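A.B. asks:
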Ligand SMILES: NC(=O)c1ccc[n+]([C@@H]2O[C@H](COP(=O)([O-])OP(=O)(O)OC[C@H]3O[C@@H](n4cnc5c(N)ncnc54)[C@H](O)[C@@H]3O)[C@@H](O)[C@H]2O)c1
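In our numbering, the protein residues as written are 54 to 330.
Listed below in structure tokens is the structure:
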């Protein structure tokens, strides 16, 4: 049997176009989306950085270009069907292809069980976390199918399967839906050569988490104590996940190294799901 050529890990995404939806960051530093966009570019892809705040997409693009990578910004709301259709159209007309669709948008600050959450907050969380992924897939798949294949990466959270002291029910249900969507799409699109996988992130230290801490108005000391307690729960070296742990996993799943992996919900959590309660 002829041996398969070794993949070129230096540029494992060379010649491909990746779209990262939610590629900016809500504060200084690296978000998951920004790190994934940078990692795809480091691995050779041209990256469309999509965000509903234009300046955030532009900032990620500037960072990628500073490193010598190739990226361009697009401004669109991931929950708006027409805007997402236009994103795909622009990406294909600009680069001639769409190989990787990374649905990173997600947020959940409505803490509580259903009777504590207003109906519009519920709708917003389902839209942000679940509808955004549906729309990314809905519009990317025809372009991928026409090209003979592609890769979708969705974003879930450990909160799809575990709860904090208080439930965050809209977020959890949205993310559980993203996991179900991933499996359904892997089955539906396998024959088209389209792989669909999902990252289930534990606790990544990003500006999103900073914002959550800020909202609790803790003193700097109390904040550090909270973070230390949270880190101590992670089995692997008592460290939180970093955005580049997420990004390296995403780049692996997006590459041909993962050519026979689809329908997988992959924990990137330092073992947090396996930790004792
Ligand atoms: N940080 C964590 O610990 C953690 C844990 C589990 C899961 N996650 C998931 O990771 C993903 C993102 O994390 P992050 O750190 O990159 O977040 P982030 O909030 O820092 O960055 C997300 C970017 O998405 C943009 N955005 C938000 N809503 C949008 C919309 N409707 N359309 C277009 N852009 C939009 C924001 O402007 C922002 O620039 C989310 O799906 C989140 O649920 C994070």
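The beta carbon of each residue, even a glycine, is placed where N, CA and C say it ideally should be. Computed from a predicted structure; not experimentally measured.
Excluding five sequence neighbours on each side, which residues of the same chain lie with their C-beta closer than 7 Å to the C-beta of residue 331?
C.D. replies: One cannot answer for residue 331 here, as it falls past the ends of the chain, which runs 54 to 330.
A.B. asks: Could you tell me whether any Cβ in chain D is nearer than 8 Å to the Cβ of residue 124?
C.D. replies: Note that chain D does not occur in the displayed structure, where there is just one protein chain.
A.B. asks: Just how far apart, CA to CA, sit residue 277 and residue 219?
C.D. replies: 21 Å
A.B. asks: Could you spell out where the beta strand (DSSP E) holding residue 206 opens and where it closes?
C.D. replies: Taken as a continuous stretch (DSSP letters only), the beta strand (DSSP E) holding residue 206 covers 203-210.
A.B. asks: Just list the residues that DSSP pairs residue 126 with in beta bridges.
C.D. replies: 102
A.B. asks: Let me check you understand the geometry: is the CB of residue 246 closer than 7 Å to at least one non-hydrogen atom of ligand 1?
C.D. replies: no
A.B. asks: With respect to 7 Å, is the separation between the Cβ of residue 193 and the closest non-hydrogen atom of ligand 1 below this value?
C.D. replies: no
A.B. asks: Could you tell me which uninterrupted beta strand (DSSP E) segments, each at least 3 residues in length, are contained entirely in the segment 176-254, listed from first to last along the chain?
C.D. replies: Listed in chain order, they are 203-210 and 247-254.
A.B. asks: How big is the Cα-Cα spacing for residue 215 and residue 324?
C.D. replies: For residue 215 and residue 324, the distance between alpha carbons rounds to 13 Å.
A.B. asks: Just the Cα atoms here: how many angstroms apart are residue 82 and residue 121?
C.D. replies: Going by the C-alpha atoms only, they are around 19 Å apart.
A.B. asks: Am I right that residue 88 and residue 206 are in contact with their C-beta atoms under 8 Å? What's the rounded C-beta distance?
C.D. replies: Not really, about 13 Å apart at Cβ, beyond 8 Å.
A.B. asks: Could you check if residue 261 belongs to the surroundings of ligand 1, using beta carbon to heavy atom distance under 7 Å?
C.D. replies: yes
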